[in-house]
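Scroll down for the structure; my scribbles are underneath it.
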Amino acid sequence: MNNNAEYNKTMNDQTVRMESIDKRTSNNGDKTGKVCNKCGKAFARVNDIYREDFLEINKDWGFFSVKDGKTYRFAICEDCCESLVKSFVVPVEVSDTTELV
Ligand SMILES: [Zn+2]
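Numbering (the working numbering), first residue to last: 197 to 297.
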């Protein structure tokens with residue numbers, strides 16, 4: 197009886213935790229706009245058009261990953277991208293964009 201009550205409590209805690217993670221990681225931004233997943237800053241936008249650029253990742257993890265079948269989706273602001281890039285052991289390749297769209 198006690199074990200069962202403890203089990204149910206644990207399951208409820210896990211359910212609550214899963215829901216809050218889902219809300220926190222939801223970043224499709226249709227109505228509220230996208231935010232930087234790293235610092236939480238909302239990306240500037242006017243009339244649903246973003247007025248600042250950001251890095252957006254949409255990664256389907258594959259067969260040779262422990263996350264096989266999962267998709268990671270997140271966005272990072274330019275400042276957070278720069279601090280991330282500066283932490284790299286191997287520098288990123290940077291080139292001039294020849295064609296502006
Ligand atoms: Zn950021």
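Yeah, the Cβ is synthetic: ideal placement off N, Cα and C, and Gly gets one too.
Model, not experiment: these values are computed from the prediction.
Name all residues in chain order for which at least one heavy atom of ligand 1 lies closer than 7 Å to the residue's CB.
Going along the chain, the residues that qualify are Cys-232, Lys-234, Cys-235, Lys-237, Ile-272, Cys-273, Asp-275 and Cys-276.
Over the uninterrupted alpha helix (DSSP H) stretch that includes Glu-274, give me the two end residues.
For the purposes of this step, residue 274 is taken as residue 78 along the sequence shown, with counting starting at 1. Where Glu-274 is concerned, the enclosing alpha helix (DSSP H) stretches over 274-282.
Rounded straight-line distance, which links the Cα of Asp-292 to that of Lys-282:
One-based indexing of the sequence shown puts residue 282 at position 86. One-based indexing of the sequence shown puts residue 292 at position 96. Here the alpha carbon of Lys-282 sits roughly 19 Å from the alpha carbon of Asp-292.
Residues sharing a beta bridge with Glu-252, DSSP:
The residue given as residue 252 occupies position 56 in the sequence shown. For Glu-252, the pairing in a beta bridge is given by DSSP as Ala-271.
Cα-Cα separation, Asp-249 to Val-262
Taking the first residue of the sequence shown as position 1, residue 249 is located at position 53. Taking the first residue of the sequence shown as position 1, residue 262 is located at position 66. Annotation: Asp-249 to Val-262 spans about 31 Å, alpha carbon to alpha carbon.
With DSSP collapsed to three states, give me the class of Arg-247.
Translated into the one-based positions of the sequence shown, residue 247 becomes position 51. Arg-247 falls in the coil class under three-state DSSP.
Between Cys-276 and chain B, is there a C-beta pair that is closer than 8 Å?
The question asks about chain B, but that chain is absent: this structure has only one protein chain.
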